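A.B. asks: Basically the working numbering = 1-based index in the sequence shown + 16. Dropping a structure here in structure tokens format, bear with me for questions.
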Amino acid sequence: LVQAAPERPRVRFYEGIDGLEAMRQDFFGGEIKYELLLISSADDYHRVAALARRLPHAKRMEHTRGFERCIFTSQRPAAELKKVMPSVERIERFRVPHGEYPLSGEIAVYGDKVAMLSYHGKVMGVLVESPFLAQTATSLFNLAWQTAKQHERFD
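Structure (structure tokens):
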């Protein structure tokens, strides 16, 4: 016997760079403190969103939000990456090899929300609000985090 969850997940769709910005505002805005868990293709995100768009979000996280753990891929040399990924307090990052773990988007887990973004083709994203799905995604992230810590720490 399968019983339905007491409440249905809330699902929102976003399209284009403005949709991406709205999703990022949801990640980094608000007053509730939480840990942001992020798995991302840094090169694809940087291609889509210029540094001028990215930096304010990172600085907002540094001053107003909780902690961030990030697993990312990039094919750029570390020195070049440091120019486009400035150091931000309360963010712990590990770079995993792109060849072993090819990514073409981003998954973020925060609070009761799971965001999935695609940077190839039409830029789009889906935001799912569900404590059950967020708990499962958090567990999967923590499993991936154990592997990521064996790779390059990026401060």
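All C-beta atoms in this analysis are idealised placements derived from N, C-alpha and C, irrespective of residue type, glycine included. Predicted model only: the values in this text are computed from it and were never measured.
Looking only at C-alpha atoms, which of Ala-38, Met-101 and Arg-111 sits nearest to Met-132?
C.D. replies: Indexing the sequence shown from 1 puts residue 132 at position 116. Minimum Cα distance to Met-132 is reached at Ala-38.
A.B. asks: Under the rule that 16 or more other beta-carbon atoms within 10 Å means buried, what is Val-125, buried or exposed?
C.D. replies: Within the sequence shown, residue 125 is the residue found at index 109, counting from 1. Per the 10 Å Cβ criterion, buried.
A.B. asks: Buried or exposed for Val-112, please, with buried defined as at least 16 other CB atoms from any protein chain shown within 10 angstroms of its CB.
C.D. replies: For the purposes of this step, residue 112 is identified with residue 96 of the sequence shown, where counting begins at 1. The residue is buried, with at least 16 neighbouring Cβ atoms inside 10 Å.
A.B. asks: If I measure Cβ to Cβ from Leu-173 and keep anything under 6 angstroms in the same chain, skipping five residues before and after, which residues do I get?
C.D. replies: The structure shown does not extend to residue 173, since the chain is modelled only from 17 through 171, so no value can be given for it.
A.B. asks: Go ahead and pull the three-state DSSP assignment for Lys-98.
C.D. replies: As a working mapping, residue 98 is identified with position 82 in the sequence shown. Three-state result, Lys-98: helix.
A.B. asks: Relative to the alpha-carbon of Asp-42, which residue among Asp-171, Asn-158 and Asp-128 has its alpha-carbon at the smallest distance?
C.D. replies: Indexing the sequence shown from 1 puts residue 42 at position 26. If we check each option's Cα against that of Asp-42, Asp-128 comes out closest.
A.B. asks: So what does DSSP say about Ser-57, is it helix, strand or coil?
C.D. replies: On the sequence shown, position 41 is the one that residue 57 refers to. Three-state result, Ser-57: strand.
A.B. asks: Leaving out the 5 sequence neighbours to the left and right, which residues in its chain are closer than 8 angstroms to Thr-152 when beta-carbon positions are compared?
C.D. replies: In the sequence shown, residue 152 corresponds to position 136, counting from 1. Answer for Thr-152: no residue qualifies.
A.B. asks: How many Å lie between Ile-122 and Ile-87 at the Cα?
C.D. replies: Working through the sequence shown from its first residue, we reach residue 122 at position 106. Working through the sequence shown from its first residue, we reach residue 87 at position 71. Going by the sequence as given, residue 122 is Glu instead of Ile. If you take the alpha carbons of Glu-122 and Ile-87, they lie about 10 angstroms apart.
A.B. asks: Which class does Phe-148 belong to by DSSP, given the choice of helix, strand or coil?
C.D. replies: For this step, residue 148 is matched to residue 132 along the sequence shown. Phe-148 falls in the helix class under three-state DSSP.
A.B. asks: Report the option in Ala-164, Ser-120 and Phe-110 whose CA atom is closest to the CA atom of Phe-170.
C.D. replies: Indexing the sequence shown from 1 puts residue 170 at position 154. With distances taken between Cα atoms, Phe-170 lies closest to Phe-110.
A.B. asks: Buried or exposed, going by whether 16 or more other CB atoms sit within 10 Å of the CB of Leu-143?
C.D. replies: Locating residue 143 in the sequence shown gives position 127, where the first residue counts as 1. Buried, by the Cβ-count rule.
A.B. asks: Around the C-beta of Gly-141, are 16 or more other C-beta atoms found within 10 angstroms, so that it is buried, or is it exposed?
C.D. replies: The residue you call residue 141 lines up with position 125 of the sequence shown. The residue is buried, with at least 16 neighbouring Cβ atoms inside 10 Å.
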